[in-house]
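First residue of the sequence shown? That's 46 in the working numbering, and the numbers climb one at a time after it.
For glycine and all other residues, C-beta sits at the position ideal for the given N, C-alpha and C.
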Amino acid sequence: MNDAILTTHNLTIGYKTSRKTVRCVASDISVSLQAGELVCLLGPNGAGKSTLLRSLAGMQPPISGEVRLLGENIYKLAPQELAKRLSLVLTEKVDVGMLSAYTLVSLGRYPYTDWWGNLTPEDEAIVTWAIKSVGAVHLAQRQVSELSDGERQKIMIARALAQSPIVMLLDEPTAFLDLPRRVEIMQLLRQLARETNQAILLSTHDLDLALRLADKVWLLTANGILHVGAPEDLVLSGAFADTFESEGVEFDVASGEFHLHTSHKEEINVIGEGIATIWTIRALERVGFLVNRSAKSFTVEDTTQTQISVEVISNSAQVFWRITNNKTVYTHHSLYTLIKFLDCLYQGQGFG
């Protein structure tokens, strides 16, 4: 069964740099958005993510090719008809004056209202539903200017929902939010895709959240190639690591995380179990030490590969670290002092 709502065929996108010159951003794009799916558009800065979103929204004509919404050419739809099918949430903050959150959300019903903008009982029910769907009932009567960035973004999503679209496009909806609010908005959009059966496409730089929450990823490279697939497919194919490869940073396929390149120091055995050991390993690797992870199951007497051993001792009362160097034992009660001590040993050539 084909649940495609929005499709592109041989789409080439770009923009004019002068009256006679056109810059091509990406070409030969043939993709689709499926009902009930959350799709994340990823790519490095300047790859053309915003250009692609504007082209899909009918705001910017393509160089060639077509975009179809339920089989109809999106550029031939009347603006009012397009607004009933597709909603757009942009990154830019719009000055809405003294409007309340409820009034702003109600503007999403403009494609359906009369010349006077009067809301019918059905319109008001949809506005109330949209506000409730994003968990913003308590914000409805507040002025938008008084809302935090996260609260404001919820209201903007509610306004887009109030249009009753079948496709929702969002350009960097989490750009100005802290980590908890970014997670909240991404989870909300995933839930809305499921509950409303909409196709939701959003551009984002939150790579980790996209890998965890997206049904599908559109990965736009700097040279205009669009890779499409499940997040895991793009990781396994190497497309993800290749796209974001840069000097000093690499994508770790095993962990799904980006790591900074650091100059390696010496190897250290770590002995211990549990959360404290995990964070000890992270701290040591962060500052450049090579950690023998297999040493977690060793004892101090077993560690013969290097002269330095760090034993993580954790109980309900405290966590501390016992360092053994050439049969001399030292104790530290924080990772900060432990790292400072190991750095002194390393710089003083106390290893080996």
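Spatially closest choice to residue i from the options, by CA coordinates
| i | options | result |
| --- | --- | --- |
| Glu111 | Asp73, Lys199, Arg235 and Arg130 | Asp73 |
| Thr387 | Val336, Asn242 and Lys199 | Note on residue identity: the sequence assigns Leu, not Thr, to residue 387. Leu387 has its Cα closest to that of Val336, out of Val336, Asn242 and Lys199. |
| Ala102 | Ile230, Leu234, Ile323 and Leu214 | Leu214 |
| Pro218 | Gly88, Gln236, Arg197 and Val212 | Arg197 |
| Leu5 | Leu86, Glu169, Leu234 and Ala203 | Limits of the chain in this structure are 46 at one end and 397 at the other, which puts residue 5 out of reach. |
| Leu86 | Val134, Ser359 and His250 | His250 |
| Ser300 | Leu252, Val70, Ile270 and Val364 | Leu252 |
| His272 | Val76, Tyr60, Lys65 and Thr62 | Val76 |
| Ala175 | Gly81, Asn163, Phe221 and Glu240 | Glu240 |
| Pro89 | Trp263, Ala123, Val179 and Asn360 | Trp263 |
| Asn55 | Ile171, Val70, Lys65 and Ser109 | Ser109 |
| Phe334 | Ala321, Thr322, Gly317 and Lys310 | Lys310 |
| Gly81 | Ala49, Pro276, Trp324 and Val298 | Ala49 |
| Glu277 | Ala267, Asp297, Pro225 and Gly269 | Asp297 |
Three-state class that DSSP yields for residue i in the structure shown
| i | result |
| --- | --- |
| Arg187 | coil |
| Ile358 | strand |
| Val228 | helix |
| Glu137 | coil |
| Ser209 | coil |
| Thr266 | coil |
| Ser300 | coil |
| Val280 | helix |
| Ser248 | strand |
| Ser75 | coil |
| Trp324 | helix |
| Ala49 | strand |
| Lys310 | coil |
| Tyr155 | coil |
| Leu254 | helix |
| Phe221 | coil |
| Val179 | coil |
| Gly59 | strand |
Contacting residues, own chain, Cβ-Cβ under 6 Å from residue i (five flanking each side not counted)
| i | result |
| --- | --- |
| Ile368 | Val355 and Tyr375 |
| Met231 | Leu254 and Leu258 |
| Ile245 | Leu83, Met213, Leu234 and Ala238 |
| Leu114 | Leu51 and Arg130 |
| Ser132 | Ala205, Gln208, Pro210 and Met213 |
| Leu383 | Trp366 and His377 |
| Lys199 | Val179 and Ala181 |
Below-7 Å beta-carbon distance, residue i vs any chain B residue
| i | result |
| --- | --- |
| Leu78 | Absent here is chain B; the protein component of the structure consists of one chain. |
Close beta carbons around residue i, own chain, < 8 Å, minus the five adjacent residues each side
| i | result |
| --- | --- |
| Ile326 | Val315, Val336 and Arg338 |
| Thr62 | Arg68 |
| Glu169 | Ser151 |
| Glu295 | Ala286, Phe303, His304 and His306 |
| Leu127 | Gly103, Leu114 and Ile119 |
| Leu164 | Ser151, Arg154, Thr158 and Val172 |
Cut-off 7 Å between Cβ atoms - residues of its own chain near residue i, not counting five sequence neighbours on either side
| i | result |
| --- | --- |
| Phe365 | Ile358, Thr376, His377 and His378 |
| Arg187 | Ser145 and Ala146 |
| Leu135 | Asp216 |
| Val228 | Leu254 |
| Lys94 | Leu86, Gly88, Ser248 and Leu265 |
| Phe10 | Because the chain in this structure spans residues 46 to 397, residue 10 falls outside the shown range and cannot be described. |
Practice task
With a floor of 4 residues, list each alpha helix (DSSP H) that falls wholly inside the stretch 86-128, ordered by position along the chain.
Solution key: 94-101
Practice task
Inspect the CB distances between the stretch 206-213 and the stretch 135-148 and report whether three or more fall short of 8 Å.
Solution key: no
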